[in-house]
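End of the sequence shown = 189 in our numbering, gap-free, step of one. Note that beta-carbon positions come from the ideal geometry of N, C-alpha and C, so glycine has one too. Scroll down for the structure; my scribbles are underneath it.
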Amino acid sequence: GISSFGAGGSNAHVIIEEYVAPTAVSATGPQGPFALVLSARQPERLQERAQQLLQAIEDGGWGDEALPALAYTLQVGREAMEERLALVAETMAQVREKLAAFVEGHSGIDELYRGQVKRNKETLAALAADEDMAGAIDAWLAKGKLHKLAELWVKGLAFDWERLYDGAPRPPRMSLPTYPFARERHWVP
């Protein structure tokens with residue numbers, strides 16, 4: 001609530017509530033599988049980011065109907081940073097399973113990709129400049145090979161995720177946890 005009390009005796013009070021849009025998927029909307037992407041500046045922040053997302057999915061009780069909005073929000077609504085994680089899933093149960101395995105420190109998780117941009121910067125710069133690479137990306141999009149895009153994205157490929165939704169209605173964006181900044185204290189001596 002917001003209150004304002006004027007010196008002349010006028011009072012005003014407003015109650016504000018966040019609008020929560022429905023996350024239902026239309027019959028003509030995007031169908032699975034979906035690529036979910038996370039990034040952070042440091043590996044510890046990426047781990048915490050995955051934990052936050054897993055907790056939000058469990059707390060929100062999101063089902064498969066929320067998966068297109070979740071994937072779209074992570075793809076176009078977040079900045080891509082150095083440490084990256086991508087996973088490809090068809091159901092929210094798969095998303096929960098893969099995120100839980102990553103948070104617990106397991107490796108070799110099927111269709112979950114982890115990478116750092118710094119390690120592959122030169123290689124991907126050469127690939128991105130090649131016109132054949134653009135053709136390969138177009139072919140992967142046409143064939144629905146999201147795992148190829150996810151694998152290159154975690155290594156630093158700059159990709160316009162909006163291209164996944166060409167000709168289809170875009171899912172709504174949804175409210176997700178914010179970036180987990182490191183809790184460091186710096187006191188003046």
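C-alpha gap between residue i and residue j, whole angstroms
| i | j | result |
| --- | --- | --- |
| G6 | E58 | 45 Å |
| A35 | S4 | 47 Å |
| L54 | L70 | 12 Å |
| Y113 | F102 | 10 Å |
| Q52 | E184 | 19 Å |
| A56 | A134 | 35 Å |
| W153 | G61 | 29 Å |
| R170 | H186 | 43 Å |
| I16 | M174 | 19 Å |
| V88 | R78 | 17 Å |
| L149 | D132 | 15 Å |
| I109 | A86 | 11 Å |
Beta-carbon proximity check, residue i vs residue j, cutoff 8 Å
| i | j | result |
| --- | --- | --- |
| E82 | V117 | yes |
| L10 | R84 | According to the sequence as given, residue 10 is Ser; it is not Leu. No, they are not a contact pair. |
| T73 | L146 | no |
| W161 | Q75 | yes |
| L99 | A139 | no |
Cβ shell of residue i (< 6 Å), same chain only, five flanking positions each side left out
| i | result |
| --- | --- |
| V14 | I2 |
| E90 | G32 and P33 |
| A80 | S39 |
| D64 | T91 and M92 |
Where residue i falls, given that 16 or more other Cβ within 10 Å makes a residue buried
| i | result |
| --- | --- |
| I137 | buried |
| V188 | exposed |
| T178 | exposed |
| Q42 | exposed |
| A12 | exposed |
| A182 | exposed |
| K155 | buried |
| L115 | According to the sequence as given, residue 115 is Gly; it is not Leu. Answer is buried; the Cβ neighbour count reaches 16. |
| K121 | exposed |
Close beta carbons around residue i, own chain, < 7 Å, minus the five adjacent residues each side
| i | result |
| --- | --- |
| R163 | L141 |
Sequence-distant residues of the same chain with beta carbon closer than 8 Å to residue i, five excluded per side
| i | result |
| --- | --- |
| R45 | E83, Y179, P180, F181 and A182 |
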